[in-house]
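S.K.:
Protein chains: 2
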Amino acid sequence: MPPRKRADAVRNEQTLLAAAAEVFVRSGVDAPIREIAAQAGVGMGTIYRHFPTRADLVVAVYRHQVEACAEAGPALLSTSDSPAAALRAWVDLFVDFLVTKHGLANALQSDSSGFEQLHAYFLDRLGPVCGELLKASEAENIQPYELMRGIGNLCVGRGDDTRYDPRRLIALLLDGLLGT
Amino acid sequence: MPPRKRADAVRNEQTLLAAAAEVFVRSGVDAPIREIAAQAGVGMGTIYRHFPTRADLVVAVYRHQVEACAEAGPALLSTSDSPAAALRAWVDLFVDFLVTKHGLANALQSDSSGFEQLHAYFLDRLGPVCGELLKASEAENIQPYELMRGIGNLCVGRGDDTRYDPRRLIALLLDGLLGT
DNA sequence: GAACAATACGGAGCGCTGTTCCGTTTTGTC
DNA sequence: GACAAAACGGAACAGCGCTCCGTATTGTTC
Chain A
6 MPPRKRADAV RNEQTLLAAA AEVFVRSGVD APIREIAAQA GVGMGTIYRH FPTRADLVVA
66 VYRHQVEACA EAGPALLSTS DSPAAALRAW VDLFVDFLVT KHGLANALQS DSSGFEQLHA
126 YFLDRLGPVC GELLKASEAE NIQPYELMRG IGNLCVGRGD DTRYDPRRLI ALLLDGLLGT
Chain B
6 MPPRKRADAV RNEQTLLAAA AEVFVRSGVD APIREIAAQA GVGMGTIYRH FPTRADLVVA
66 VYRHQVEACA EAGPALLSTS DSPAAALRAW VDLFVDFLVT KHGLANALQS DSSGFEQLHA
126 YFLDRLGPVC GELLKASEAE NIQPYELMRG IGNLCVGRGD DTRYDPRRLI ALLLDGLLGT
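Just so you know, the protein sequences line up as chains A and B, in that order. So the mapping is simple: the working numbering equals the position in the first sequence, first residue as 1, plus 5. So the mapping is simple: the working numbering equals the position in the second sequence, first residue as 1, plus 5.
1) From what residue to what residue does the alpha helix (DSSP H) around K140(A) run?
2) Closest by CA to R168(A), which one among R154(B), W95(B), G50(B)?
3) Determine, for N158(A), whether the minimum Cβ-Cβ distance to residues of chain B falls below 7 Å.
4) Against Q114(B), what residues of chain A qualify as contacts under a CB-to-CB distance less than 7 Å, listed in chain order?
5) Taking Cβ positions, are G157(B) and G181(A) nearer each other than 7 Å?
6) Which chain B residues sit within Cβ distance under 7 Å of L174(A)?
7) Of the choices A12(A), L183(A), I52(A), whose alpha-carbon is the least far from that of A24(A)?
8) Who are the neighbours of G181(A) on chain B, taking C-beta pairs under 8 Å?
9) Please list the segments of the alpha helix (DSSP H) lying wholly inside the region 13-76 of chain A, counting only runs of 4 or more residues, in order along the chain.
10) Hey, how far is the Cα of A91(B) from the Cα of H55(B)?
11) Spell out whether any CB of chain A is found under 7 Å from the CB atom of R130(B).
12) For the alpha helix (DSSP H) that contains N111(A), what are its first and last residues?
13) Please state the DSSP three-state secondary structure of A144(A).
14) Contact defined as beta carbons within less than 8 Å: I believe L178(A) pairs with L177(B). What is the distance between those atoms, to the nearest angstrom?
15) Our contact map puts A110(A) next to G162(A) with C-beta atoms below 8 Å; I'd like the distance itself, whole angstroms only.
16) What number of angstroms, rounded off, separates the C-alpha of E145(B) from the C-alpha of A43(B)?
17) Identify the contact partners of Y126(A) in chain B, using a Cβ-Cβ distance below 8 Å as the criterion.
18) Going by alpha carbons, who is nearest to S152(B) out of R130(A), V34(A), S142(A), R173(A)?
19) Helix, strand or coil for G162(A) per DSSP?
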């Protein structure tokens with residue numbers, strides 16, 4: 006069995022999660038490690054010990070919300086008027102999540118700095134949920150993976166740009182997918 | 006009138022364009038400046054003097070192809086069976102362009118390192134063309150800007166991933182846009 | 001061709017990143 | 001209190017963008 010964790014270790018882990026959450030809001034998920042360390046009042050080594058890759062930290066910070074999104078899938082399916090409506094509502098949730106986290110969508114598509122693991126986590130957790138919704142909607146001419154990546158891609162943004170609203174395009178995409 | 010350029014300056018500018026083109030293929034459009042300088046056998050200062058921002062260099066390298074894409078718009082409109090077909094064909098061209106240039110789509114959406122100008126250039130040159138195609142297709146429920154950004158976004162890729170094909174999603178998007 | 005501005009060049013240097021590594025400190029146990 | 005194991009901190013290294021200025025090249029004038 007794994008030996009119990011030391012007191013200072015668990016304390017620091019909590020401190021780090023809080024600090025990271027705050028910094029992510031202020032400076033985006035790709036904020037400098039040093040900034041997070043400073044915010045937590047902790048050395049950089051400590052961060053790397055607890056969260057070896059950046060993705061580990063991001064996942065830890067957003068785990069709750071990803072979980073909530075995953076659980077919302079089946080729920081929507083049973084409460085919505087139609088499977089298609091459920092799919093649309095779930096996608097809305099997913100988009101909200103991505104858009105409100107500064108730079109999360111960008112990070113999801115990045116292929117550097119251990120962000121692949123972030124991608125993998127999202128996929129593992131939300132892919133099956135998305136798959137269920139697609140199956141129920143009889144929209145099986147697309148794979149969950151592909152739809153989720155497409156949505157993620159459409160959400161990558163460059164600062165604040167009033168001319169571009171990912172939701173409009175995603176709505177069109179779903180129109181095409183569900184046959185208007 | 007502007008004084009004539011010195012001989013070594015024009016020579017170096019050509020050398021740089023060739024070197025950049027080669028490096029972009031090998032290492033992507035966000036390759037280190039030093040790598041391009043080395044490939045050209047030139048100091049870094051020289052690059053910055055000729056192309057103050059990264060976008061300037063990228064634009065210079067791909068100007069021909071962007072131009073070709075812009076000119077293809079009206080041409081397709083007059084040779085295709087329908088405006089919608091012309092739009093689809095043009096989008097195909099645009100996607101081909103983005104996908105074959107290693108990391109270009111990613112750079113287009115990046116908001117750092119003077120890449121905004123790259124974004125602006127693409128928009129200025131291709132936006133009106135796209136607008137014409139949209140108008141002819143009577144698909145005016147979307148702005149050229151938004152469609153082009155959406156397409157660009159869908160093309161951002163993380164290495165080679167056989168499970169994700171931007172074209173499938175873009176086809177669905179156009180289905181939704183043109184009413185199947 | 002020689003002399004001289006003007007122009008262009010090269011790359012050392014600065015600041016900011018991610019990541020590692022090891023001497024020091026804290027913790028848990030006996 | 002003593003001791004080993006676990007965890008910590010931050011100096012240090014490497015890679016990057018970008019600037020700056022001493023040096024070299026070019027065009028012009030005699």
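Glycine included, C-beta positions come from ideal geometry on N, C-alpha and C. Just so we're clear, the structure is a prediction, and the values are computed from it rather than from any experiment.
M.R.: Taking the definition as stated:
1) 121-141
2) R154(B)
3) yes
4) V161, R163
5) no
6) E151, G155, L178
7) I52(A)
8) A176, L177, L178, L179, D180, G181, L182, T185
9) 38-45, 49-55
10) 38 Å
11) no
12) 109-114
13) coil
14) 6 Å
15) 7 Å
16) 48 Å
17) Correct list: empty, because the minimum Cβ distance to chain B is about 15 Å.
18) In the sequence as displayed, the identity of residue 152(B) is Leu instead of Ser. Of R130(A), V34(A), S142(A), R173(A), the residue nearest in Cα terms is R173(A).
19) coil
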